[in-house]
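*Asks:* Protein chains in written order, with the working numbering: chain A, 8 to 226; chain B, 6 to 168.
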Amino acid sequence: MWKKVYDWIEERLGLKALYDNLLDRPEPKGNWWNTLGSASLFLFVIQGLTGIFLTVYYTPSPDHAYDSIQYIMNGVAFGWLIRGIHHWGASLMIIIVFVHMLRVFVTASFKYPRELTWLIGIGLLLLTLGMGFTGYLLPWHQMAYWATTVGTQIAGSVPFLGDFILKALRGGPDLSALTLQRFFAAHIWLLPAALAGLIGVHLYLIIKHGESHYPSRDE
Amino acid sequence: MSGSFSRRDFIKAATALIGGVIGVALGVPAIGYLVDPALRASAKEGWVPILKLEDVPVGKLIPFSFTRVQVNGWERTSTTFGGYVLRKSEDPKDMLILNSRCTHLGCTVNWKEDAQAFICPCHDAKFSKEGAVLDGPPPRPLDRFEEFRVNEAGVIELFFKAG
Ligand code: HEM
Ligand code: FES
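#1: Considering only residues of the same chain and omitting the five flanking positions on each side of A/Val208, which have a CB-CB separation below 7 Å?
#2: Hey, how far is the Cα of B/Asn104 from the Cα of B/Val90?
#3: Counting only runs that start and end within the region 27-94 of chain A, where is the alpha helix (DSSP H) found for 4 or more residues in a row?
#4: Between the region 121-146 of chain B and chain A, which residues of the former have a C-beta closer than 9 Å to a C-beta of the latter?
#5: Using the three-state DSSP reduction, which class does A/Thr114 fall into: helix, strand or coil?
#6: Could you give the DSSP three-state label for B/Val114: helix, strand or coil?
#7: In whole angstroms, what separates the C-alpha of B/Gly159 from that of B/Pro54?
#8: Taking only heavy atoms of the ligand FES into account, decide whether any of them is closer than 6 Å to the Cβ of A/Ala151.
#9: Under the three-state reduction of DSSP, which class applies to A/Gly21: helix, strand or coil?
#10: What distance in whole Å lies between the Cβ atoms of A/Val106 and A/Leu132, which are believed to be in contact at a cut-off of 8 Å?
#11: To the nearest angstrom, report how far apart A/Gly158 and B/Gly25 are at their CA atoms.
#12: Within 10 angstroms of the Cβ of B/Ala122, are there 16 or more other Cβ atoms? Answer buried if so, exposed if not.
#13: Below 7 Å between beta carbons: does that hold for A/His194 and A/Thr141?
#14: Mind listing which residues of the region 58-84 of chain A have their C-beta closer than 8 Å to chain B's C-betas, in chain order?
#15: If you measure from the CB of B/Ala130, is any heavy atom of the ligand FES nearer than 6 Å?
#16: So the candidates are B/Gly64, B/Lys65 and B/Val155; which of them puts its Cα closest to the Cα of B/Lys57?
#17: So, are the CB atoms of B/Leu147 and B/Trp116 less than 7 Å apart?
#18: Specify the secondary structure class of A/Met138 as computed by DSSP and reduced to three states.
#19: Going by DSSP, which residues form a beta bridge with A/Ala97?
#20: Could you tell me the alpha carbon to alpha carbon distance between A/Ile214 and A/Trp40, rounded to whole angstroms?
#21: In this structure, how does DSSP classify A/Lys11 when only helix, strand and coil are distinguished?
#22: Classify A/Glu122 as helix, strand or coil using the three-state DSSP reduction.
#23: Would you check if the distance between the CB atom of A/Leu111 and the CB atom of B/Tyr38 is smaller than 7 Å?
#24: Which same chain residues end up closer than 6 Å to B/Pro68 when comparing Cβ atoms and leaving out the 5 residues on each side of it in sequence?
#25: For A/Leu88, would you say it is in contact with chain B, using Cβ-to-Cβ distances shorter than 7 Å as the test?
#26: I'd like to check one pair, A/Thr155 with A/Leu144: are the Cβ atoms closer than 7 Å?
#27: Please confirm whether B/Asp41 has its beta-carbon closer than 7 Å to some beta-carbon of chain C.
#28: Could you spell out the range, first to last residue, of the beta strand (DSSP E) harbouring B/Trp52?
#29: Hey, is B/Tyr89's beta-carbon within less than 7 Å of any beta-carbon in chain A?
#30: Could you name the residues that DSSP lists as bridge partners for B/Phe86?
#31: When the cut-off is 7 Å and only beta carbons count, does B/Gly78 lie next to chain A?
#32: Check the C-beta distance from A/His206 over to A/Phe60 and give it rounded, since I have them as a contact under 8 Å.
#33: From A/Ser45, A/Ser116, A/Pro180 and A/Arg224, pick the residue whose C-alpha is nearest to that of A/Gly163; which is it?
Spelled out as structure tokens, the structure:
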């Protein structure tokens, strides 16, 4: 019975070919260090899901941002859990992405034909850091406020363009409602969309080239 | 390992199992989190003092108002309610407490002495002294606060329900 249903659907969808090529593809002998990219991907998905849930109650306005987070922590069932995962997941994701990059560097997997995978990886690292930077402001408490003041100030020290960059980041010369709103937009729309796109190309390249294998002694 | 259960099968089963456990461990709280506001008791009901009985002469409409504060998540909204008390006789039970919220679309009606009617400023509805619709679009008479009492201090109180 189930076999019939499965066959009927499979005949029309034809997902088995995709499954065989994407998930059942042969891999060279590796070790746990080779799982860190998948771990990064898992964290990206978890951050995405918990982030979407947080927007159900969070409000990016200077009057209410802090209160809305207090409400998530104390007023909503499991709010502490959802926020906790998002909060700690953010730091963990940066660490994991970074260690993933270190392993690619140590095993020299960035060489031909994987230079592009590496370059896109750099984009992924920068975007992940950008997520951390923009997300940190959102609770709008003292620490967040001053961290962003300092962070944008540093970006503003670029020669010639500095003043423009600072104003573009802050949406004006000072931190304001505009800063919070644009950091929010970047954190939930712009950066995740860019991340998702680049992750797609990253994964495509990994499947196209297969994983690099560790050279044996005779090679 | 011999037999039909290969290493691959083990990995697949383990992935499905761990994935399922994580899915349930996160999915159930996630649903609770989403529907939480629907499970909370809404604004507290309670007795609200409005006027002193001695300040309400028999046969005359006397306006009153009171404010309720509702906490919605991180925000508090205070809503003002108003109405009129009409004592029909000396008996303190023989009293009519009208809500001045128009039953058409919710504007506040005002008693106009010269017209001897409640007039709604929004779409010109007219209600009688006892709240019956005389003219205009409202679908039903003015609402009444049905539950009221006079406490020991001689103050009229009405029972406020949310909604
Ligand atoms: C959001 C962040 C990232 C995600 C989701 C991600 C995902 C993945 C996945 C699933 C793999 C498969 C192999 C493995 O897990 O080791 C991989 C491989 C690879 N990644 Fe990433 N990655 C990220 C960031 C980076 C960064 C920051 C770099 C370096 C700048 C990088 C460079 C590479 C390269 C060169 C490979 C191929 C390795 C090989 O073939 O052995 N990735 N990535
Ligand atoms: S709201 Fe009163 S007449 Fe329309």
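Where is the CB? At the ideal position from N, CA and C, for every residue including glycine.
*Replies:* For this structure:
#1: Scanning its chain for C-beta atoms nearer than 7 Å, with the 5 sequence neighbours on each side dropped, one finds around A/Val208 the residues Ile127, in chain order.
#2: It is roughly 9 Å from the alpha-carbon of B/Asn104 to the alpha-carbon of B/Val90.
#3: Taken in chain order, the complete alpha helix (DSSP H) segments of 4 or more residues contained in the region 27-94 of chain A are 43-61 and 72-81.
#4: The region 121-146 of chain B vs chain A, Cβ under 9 Å: nothing.
#5: Shown here, A/Thr114 sits in coil according to DSSP, grouped into three states, outside any helix or strand.
#6: Here B/Val114 sits in coil by DSSP.
#7: Looking at the two C-alpha atoms, the distance is approximately 10 Å.
#8: False, no ligand heavy atom lies under 6 Å from that Cβ.
#9: DSSP places A/Gly21 in coil when its eight states are reduced to three.
#10: Taking a contact as a CB-CB distance under 8 Å, the pair A/Leu132 and A/Val106 does not count as one, their CB atoms being some 11 Å apart.
#11: For A/Gly158 and B/Gly25, the gap between their C-alpha atoms comes out near 40 Å.
#12: Its Cβ being crowded by 16 or more others within 10 Å, B/Ala122 is buried.
#13: Taking 7 Å as the Cβ cut-off, A/His194 and A/Thr141 qualify as a contacting pair.
#14: Here the close residues are Phe60, Val63, Tyr64, Thr66, His71, Asp74, Ser75, Gln77, Tyr78, Gly82, Val83 and Ala84.
#15: At least one heavy atom of the ligand FES lies closer than 6 Å to the C-beta of B/Ala130.
#16: For B/Lys57, the nearest C-alpha among the options comes from B/Val155.
#17: The answer is no: Cβ separation not under 7 Å.
#18: Residue state, collapsed to three classes: helix.
#19: Paired residues: none, contrary to the question.
#20: When rounded, the distance between both Cα atoms is 18 Å.
#21: It is helical.
#22: Correct three-state label for A/Glu122: helix.
#23: For the record, residue 111 of chain A in the displayed sequence is Val; it is not Leu. No; because the gap between Cβ atoms is not below 7 Å, this pair is not in contact.
#24: Excluding sequence positions up to five before and after B/Pro68, its CB lies within less than 6 Å of the CB of Tyr89, all in the same chain and listed in chain order.
#25: Taking Cβ atoms only, chain B reaches closer than 7 Å to A/Leu88, which makes this a yes.
#26: Yes. Within cutoff.
#27: The chain inventory of the structure shown lacks chain C, comprising the protein chains A and B.
#28: Note, B/Trp52: beta strand (DSSP E), Gly51 to Lys57.
#29: It does not: the Cβ of B/Tyr89 has no partner Cβ on chain A nearer than 7 Å.
#30: For B/Phe86, which the question treats as bridged, DSSP gives the partners B/Phe71.
#31: With 7 Å as the cut-off, B/Gly78 counts as an interface residue toward chain A.
#32: Residue identity check: residue 206 of chain A is Ile in the sequence provided, not His. Actually they do not touch by this definition, with Cβ atoms about 21 Å apart.
#33: A check of alpha carbon separations from A/Gly163 across A/Ser45, A/Ser116, A/Pro180 and A/Arg224 identifies A/Pro180 as the nearest.
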